[in-house]
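**Q**
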Amino acid sequence: MTEESEIAPAPALPVDNRVLPTHDGNLPADEVERITNDLIGALKTVYDPEIPVDIYELGLIYKVDLDDDRNLAIDMTLTAPGCPVAGEMPGWVENAALSVEGIQGVTVSMVFDPPWDASRMSEEAQVALNWW
Numbered sequence: 001m002t003e004e005s006e007i008a009p010a011p012a013l014p015v016d017n018r019v020l021p022t023h024d025g026n027l028p029a030d031e032v033e034r035i036t037n038d039l040i041g042a043l044k045t046v047y048d049p050e051i052p053v054d055i056y057e058l059g060l061i062y063k064v065d066l067d068d069d070r071n072l073a074i075d076m077t078l079t080a081p082g083c084p085v086a087g088e089m090p091g092w093v094e095n096a097a098l099s100v101e102g103i104q105g106v107t108v109s110m111v112f113d114p115p116w117d118a119s120r121m122s123e124e125a126q127v128a129l130n131w132w
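Numbering (the UniProt record's numbering), first residue to last: 1 to 132.
Written as structure tokens, this is what we have:
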């Protein structure tokens, strides 16, 4: 027998959890889920010009933090430290993330530890690049 006052479960987070924002604050779970899904969509619009796969599927996004003021802190890497667009890509990621409704600010940090390798690519990226 269940009581009418039982609390409904929180909405399920996306199955693809490679970029779930870290959030320990007071934003409602459904808002965090919406931002996550919209952020993934936005990140999938950013491509390394030398590789025909978006940065999300390549596994270049390492970490995303979301605060209660709807600011994002994103750690990302490159496929190689000498990438010709190393100076431009963080700006592309920032602009894409700022396109997500409700996001107030974005800080993108370039990190190289751990170094990127092909194991970080999604199956979709591996198929697109014939790396299987």
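All C-beta atoms, glycine included, are put in the ideal place defined by N, C-alpha and C.
1. Considering only their Cβ atoms, is the gap separating Q104 from D69 smaller than 8 Å?
2. Which of the three DSSP states, helix, strand or coil, is assigned to M121?
3. For S99, which option in G41, G87 and E31 has the closest C-alpha, if you only look at C-alpha atoms?
4. Taking M63 and D48 to be in contact with their CB atoms under 8 Å, please state how far apart those CB atoms are, rounded to whole angstroms.
5. So, with DSSP's three-state summary, where would you put I55?
6. Which of the three DSSP states is assigned to N71 in this structure?
**A** With the given structure in hand:
1. Yes, Cβ-Cβ distance for D69 and Q104 is below 8 Å.
2. If DSSP states are grouped into helix, strand and coil, M121 belongs with coil.
3. Nearest neighbour of S99 by Cα position, chosen from G41, G87 and E31, turns out to be G41.
4. Position check: residue 63 holds Lys in this sequence, whereas Met was assumed. In fact, because the Cβ distance is near 19 Å, the residues do not count as touching under 8 Å.
5. Correct three-state label for I55: helix.
6. Of the three classes helix, strand and coil, the one that applies to N71 here is strand, per DSSP.
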